[in-house]
Amino acid sequence: IPRNLRFQLCDYESEWTLGMDSFDLIHIRQACGSVSSWPALYRRIFEEAKTYEQYRHLKPGYGHLEHVEIDFQPRCDEGTLSPELNVVKWYNWLVDATYRSGRCIAYQHSTRQMLQEAGFVDIVETIIRAPYNDWPSDPHEKNIGRWYNLGMTEGLEALSLGPLTRVFKWPAETVRGIIPGVEKEINCKRIHAYNNM
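The sequence shown begins at 1 in the numbering used here and counts up one residue at a time.
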């Protein structure tokens, strides 16, 4: 690790004690499902201090926020994704449970607007299509699909257990019983589904 690089972990919804104008880069990744108020988080990163306890944490003029999220909503451009599929039901249950808990996992399509309202400028949004598996014919998308499939199938239980057992009070075994059907569809090359990242 270079000498001029320091990693600092903090709860981004608690008070930040790291000092005003202290960061060149703030990187947020896969926070959907863990943030109760996106506007408050963006303001904490960007806005001028309103009281002595609140700070703008990005350096003015050149500080950057890099924010990467997966929009878990199943998508398909070819009509092979039925609303009756397990993966669609799983997504709907996950969104419902996380919404009820106050930390919705659904991607906020108003992100650009929230960033602008917090004062950010020069906002660049890049959407990458992440296929559920290696169904695409394009070699680059096929490779993305292979890796995304690994992440999805390995992470389904971890994504599901907390929200579905805590909010819906489903037994862990019920949740674990749903996962194989979702995995089967994520692995099925006839279902040309993807998520946006």
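All C-beta atoms, glycine included, are put in the ideal place defined by N, C-alpha and C.
| Under 8 Å, do ARG75 and ASN195 count as touching if we go by C-beta distance? | Closer than 8 Å, so yes.
| field | Helix, strand or coil at GLU183 according to DSSP, with G and I counted as helix | value | Residue state for GLU183 is assigned as helix, using DSSP reduced to three classes.
| request: Run the CB neighbour count on ASN133, radius 10 Å, all protein chains shown included, and call it buried at 16 or more, exposed below. | output: Looking at its Cβ environment, which holds 16 or more other Cβ atoms inside 10 Å, ASN133 is buried.
| said: Whole angstroms are fine: how far does the CA of LEU65 sit from the CA of TYR42? | reply: Approximately 9 Å, taken between the alpha carbons.
| task | Quick one: using the 10 Å Cβ neighbour count with 16 as the cut-off for buried, is GLY177 buried or exposed? | result | Exposed, by the Cβ-count rule.
| message | Taking its Cβ as the centre, do 16 or more other Cβ atoms sit within 10 Å of THR98, making it buried, or is it exposed? | response | Under a 10 Å Cβ-count criterion, THR98 is classified as buried, with 16 or more other Cβ atoms of the shown protein chains found around its own Cβ.
| Sub-8 Å separation of PHE7 and GLY63 beta-carbons | Contact flag unset, no.
| 8 Å Cβ cutoff met for ARG103 and VAL35 | Contact check for ARG103 against VAL35 passes: the beta carbons are separated by less than 8 Å.
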